[in-house]
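**Student:** Here's a structure for you.
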Amino acid sequence: MKLLTHNMLTSTVKGVVNGFPLRIEVEKTLEKQVDFSADFLRNLFYKVDWKALVEAAQTMGYAELPEEAPDSTVLESEDFLKKFHYALLELHLEEGNLVCPETGRKFPVTKGIPNMLLHEDEV
581 MKLLTHNMLT STVKGVVNGF PLRIEVEKTL EKQVDFSADF LRNLFYKVDW KALVEAAQTM
641 GYAELPEEAP DSTVLESEDF LKKFHYALLE LHLEEGNLVC PETGRKFPVT KGIPNMLLHE
701 DEV
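For the sequence shown, this note's numbering assigns the number 581 to the initial residue and increments by one for each residue that follows.
Structure, rendered in structure tokens:
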């Protein structure tokens, strides 16, 4: 699962008010090469929850992103874009769990696919 995907997922357990961002419990990560597109990254930059991305990347052992959301001038830096690209698209959670920040409910990630299905009593 790419961190781009993680940045868009939220817990939908009944009664949960704040289900974002899901915490990551890492069992196994992978690096998967993805073609670099500076234009794609520049457009995506404004849609990403920066704090959630940085925390997720750090949990997965990648600490090359700035803690605070940079301003748009950084989008002209190829060095920044490559770090952003790596964190968002190439660093994958292969095995582990996504954990609801409010309930602690764990959603397993197996072979890179998050299982966000709810039990009957959670709907």
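Glycine included, every Cβ here is placed at the ideal spot set by N, Cα and C.
Please classify Pro601 as buried or exposed, where buried requires at least 16 other C-beta atoms within 10 Å of its C-beta.
**Tutor:** Burial call: buried.
**Student:** Kindly indicate the opening and closing residues of the alpha helix (DSSP H) around Lys663.
**Tutor:** Taken as a continuous stretch (DSSP letters only), the alpha helix (DSSP H) holding Lys663 covers 658-665.
**Student:** When DSSP labels each residue in this structure, what does Thr690 get in the three-state scheme?
**Tutor:** Reduced to three states, the DSSP call for Thr690 is strand.
**Student:** Locate the alpha helix (DSSP H) running through His586, then write down its first and last residues.
**Tutor:** Residues 583-586.
**Student:** For a test of the three-state rule: what should DSSP assign to Thr653, helix, strand or coil?
**Tutor:** Residue state, collapsed to three classes: helix.
**Student:** Taking 8 Å as the cut-off, decide whether the C-beta atoms of Ser591 and Glu648 are in contact.
**Tutor:** Cβ distance not < 8 Å, so Ser591 and Glu648 don't count as in contact.
**Student:** Counting only beta-carbon atoms, is Arg603 nearer than 8 Å to chain C?
**Tutor:** Considering every chain present, this structure includes no chain C. It has just one protein chain.
**Student:** Along the chain, where does the alpha helix (DSSP H) containing Val628 start, and where does it finish?
**Tutor:** Here Val628 belongs to no alpha helix (DSSP H), and DSSP marks it neither H nor E.
**Student:** From Phe687 to Asn695, what does the alpha carbon distance come to, in whole angstroms?
**Tutor:** Rounded to the nearest angstrom, the two C-alpha atoms are 6 Å apart.
**Student:** Distance, Cα to Cα, Ser652 vs Gly595?
**Tutor:** The straight-line gap from Cα to Cα measures roughly 37 Å.
**Student:** Report the partner residues of Asn677 according to the DSSP bridge assignment.
**Tutor:** BP columns for Asn677 point to Glu605, Pro688.
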